[in-house]
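Everything on this sheet refers to the single structure shown next.
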């Protein structure tokens with residue numbers, strides 16, 4: 001850490017000199033502007049006045065370094081989460097059809113990313129999104145609405161005896177795209193606090209919003225699992241009493257909805273109430289669902305048990321969101 005003395009120029013202007021090595025490293029010249037952020041802890045953050053949207057303007061991937069296509073895809077996602085404007089995918093030889101197909105499939109699931117150049121041995125991606133367009137709050141609300149819709153679609157299918165799998169799977173793809181966008185925003189805020197103002201949160205809230213986003217994404221995964229298991233029950237024409245399962249699903253949705261709403265209302269009592277309901281759901285499963293599973297055929301029992309387990313996990317993730325509400329509450333006001 002370097003120290004600088006504060007100097008007074010004239011009668012009201014305070015001046016602090018900048019470290020020369022830092023100025024050279026970032027290419028700062030006389031006459032350039034810098035941005036100063038007054039942080040909540042009383043410190044000041046000084047940043048070069050460049051685009052805060054993209055900490056890394058360009059990233060590259062050499063396909064030749066990856067024999068495992070799944071690892072290649074994970075690295076591509078990681079590069080996107082770094083927030084560059086351009087991602088260059090290169091290869092000494094022509095990119096194989098398998099890797100090209102996987103790239104196109106993944107790009108489709110990354111919000112705002114488009115292929116702007118494509119050659120035999122090179123693919124260039126451009127991220128067209130901007131942090132100013134969507135605050136993290138709007139993204140998370142959209143995630144909640146999508147997952148709630150997925151849940152309601154499944155509940156309706158239990159009454160109508162129609163498979164929800166296709167609709168739920170399509171919605172889950174949108175959830176994935178928004179999830180990665182949210183993580184990119186939060187990572188951008190960690191690297192460059194100037195981004196935090198654009199996405200509408202404070203530095204101390206990054207971990208909280210990451211936890212909520214992650215919980216919603218896991219809820220989405222479990223809803224897809226439920227849809228698949230219910231689809232199997234319908235496809236194999238297994239006789240299944242739906243009244244108790246529907247009731248469990250509705251209770252689960254109510255807990256999830258209330259926990260999420262308390263995130264923005266900051267209602268600590270409401271949030272705590274949803275945490276306490278975890279035991280009620282476990283009791284409901286033991287009293288109403290387990291007897292049905294025990295008396296069912298093996299195929300039906302396996303699918304019912306999987307659905308009940310996923311609904312229980314959704315309640316657990318909802319309780320995690322409620323715990324974030326309480327944590328945020330004690331950070332901002334007396335309890």
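Numbering (our numbering), first residue to last: 1 to 335.
Here a beta-carbon is modelled for each residue, glycine too, at the ideal position from N, C-alpha and C.
Which residue wins for smallest C-alpha separation from residue i, given the options the options?
| i | options | result |
| --- | --- | --- |
| residue 18 | 45, 136, 163 and 276 | 45 |
| residue 186 | 135, 143 and 224 | 135 |
| residue 397 | 300, 228 and 308 | Shown here, the chain extends from 1 to 335; a query on residue 397 therefore has no answer. |
| residue 291 | 329, 269, 245 and 264 | 245 |
| residue 221 | 62, 171, 133 and 210 | 171 |
| residue 179 | 73, 149 and 217 | 217 |
| residue 176 | 106, 159 and 70 | 106 |
| residue 132 | 9, 188 and 158 | 188 |
| residue 223 | 124, 116, 200 and 151 | 151 |
| residue 236 | 297, 219 and 267 | 297 |
| residue 266 | 279, 149, 328 and 71 | 328 |
Would you please state the rounded distance, in angstroms, between the beta carbons of residue i and residue j? I believe it to be under 8 Å.
| i | j | result |
| --- | --- | --- |
| residue 94 | residue 120 | 4 Å |
| residue 315 | residue 255 | 6 Å |
| residue 164 | residue 153 | 5 Å |
| residue 305 | residue 225 | Going by Cβ atoms, the distance from residue 305 to residue 225 rounds to 12 Å, so no, they are not a contact pair. |
| residue 272 | residue 330 | So it is not a contact: roughly 12 Å between Cβ atoms. |
| residue 159 | residue 317 | Incorrect: roughly 25 Å between the Cβ atoms, too far for contact. |
Determine the direct distance from the alpha carbon of residue j to that of residue i, and round the result to whole angstroms.
| i | j | result |
| --- | --- | --- |
| residue 198 | residue 206 | 13 Å |
| residue 214 | residue 241 | 33 Å |
| residue 111 | residue 35 | 29 Å |
| residue 202 | residue 209 | 10 Å |
| residue 319 | residue 63 | 42 Å |
| residue 293 | residue 277 | 23 Å |
| residue 54 | residue 65 | Reliability of the predicted coordinates at residue 54 is poor, the pLDDT of 46 falling under 50, and no value is obtained from them. |
| residue 129 | residue 7 | 42 Å |
| residue 113 | residue 69 | 20 Å |
| residue 2 | residue 191 | 21 Å |
| residue 21 | residue 193 | 22 Å |
| residue 29 | residue 11 | 27 Å |
| residue 155 | residue 102 | 33 Å |
| residue 116 | residue 125 | 6 Å |
| residue 109 | residue 100 | 15 Å |
| residue 5 | residue 23 | 18 Å |
| residue 74 | residue 83 | 15 Å |
| residue 92 | residue 57 | 23 Å |
| residue 104 | residue 38 | 42 Å |
| residue 204 | residue 264 | 16 Å |
| residue 243 | residue 96 | 51 Å |
Checking 8 Å against the spacing of the C-beta atoms, do residue i and residue j come in under that value?
| i | j | result |
| --- | --- | --- |
| residue 139 | residue 181 | yes |
| residue 184 | residue 81 | yes |
| residue 174 | residue 227 | no |
| residue 275 | residue 211 | no |
| residue 127 | residue 79 | no |
| residue 61 | residue 87 | yes |
| residue 233 | residue 286 | no |
| residue 162 | residue 238 | no |
| residue 230 | residue 157 | yes |
| residue 137 | residue 42 | no |
Excluding the 5 residues preceding and the 5 following residue i in the sequence, name in chain order all residues of the same chain whose CB lies nearer than 8 Å to its CB.
| i | result |
| --- | --- |
| residue 281 | 248, 251, 252, 255, 311, 312 and 315 |
| residue 284 | 247, 248 and 251 |
| residue 9 | 15 |
| residue 118 | 124 |
| residue 149 | 171 |
Please return the same chain residues whose Cβ sits closer than 6 Å to the Cβ of residue i, not counting the five positions on each side in sequence.
| i | result |
| --- | --- |
| residue 13 | none |
| residue 90 | 62 and 122 |
| residue 268 | 326 and 329 |
| residue 72 | 66 |
| residue 279 | none |
Counting only the same chain and skipping the five closest in sequence on each side, list residues whose C-beta sits under 7 Å from that of residue i.
| i | result |
| --- | --- |
| residue 270 | 258 and 262 |
| residue 260 | 144 and 321 |
| residue 142 | 178 |
| residue 301 | 293 |
| residue 166 | none |
| residue 98 | 69 |
Just checking residue i against the ligand HEM - is the residue's beta carbon closer than 7 Å to any of the ligand's heavy atoms?
| i | result |
| --- | --- |
| residue 144 | For the structure depicted, the ligand HEM is absent and the ligand set is empty, with no information on it obtainable. |
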